[in-house]
């Protein structure tokens, strides 16, 4: 899958995505994670959309994004409406999509220098073997 390249190599961007793996710059991540242009957390504890809590969102909101892009795995799965309201009350957009679309969207928004946070739910059951 082709991804948009950022002109600044110091910016964190998605270089590759496949089920169970996301490559952020030169780092392979096999678990749920989140990132902004300058910060990566590789052990975000949300393993399934049904586990999402306000506490999980608070970790993302600490990065003060304009928008949060939430990748929910191989299929787009919407969280409860209360989570959209929670972000909206703080003036932050919440967009939900499958992981591949979320990665592409994040990369495009970073090339526009938008303050965006990408959160990806990577289920351990979809991690590559070996």
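In the working numbering, the protein residues as written are 254 to 383.
Glycine included, every Cβ here is placed at the ideal spot set by N, Cα and C.
The structure displayed is predicted, hence computed values, not measured ones.
Asked: On a CA-only basis, which of 304, 351, 343, 363 is nearest residue 266? Give me that one, please.; Found: 363
Asked: Is the distance from the Cβ of residue 275 to the Cβ of residue 375 below 9 Å?; Found: yes
Asked: For residue 305, which of helix, strand or coil comes out of DSSP?; Found: coil
Asked: Three-state secondary structure (DSSP) at residue 293?; Found: strand
Asked: With 16 other CB atoms within 10 Å as the buried threshold, where does residue 325 fall?; Found: buried
Asked: Please go through the same chain and pick out, in chain order, the residues whose beta-carbon is closer than 8 Å to the beta-carbon of residue 277, but skip the five residues on each side of it.; Found: 265, 266, 267, 268, 286, 288, 293
Asked: Once DSSP output is grouped into helix, strand and coil, what is the label at residue 369?; Found: strand
Asked: Using the rule of at least 16 other Cβ atoms within 10 Å of the residue's Cβ for burial, across every protein chain shown, is residue 360 buried or exposed?; Found: buried
Asked: Measure from the alpha carbon of residue 307 to the alpha carbon of each residue in 340, 323, 344, then state which is nearest.; Found: 340
Asked: Within the same chain, show all residues whose beta-carbon is closer than 7 Å to that of residue 366, passing over the 5 residues directly before and after it, in chain order.; Found: none
Asked: Pick from 309, 321, 280, 272: whose alpha carbon is nearest that of residue 358?; Found: 321
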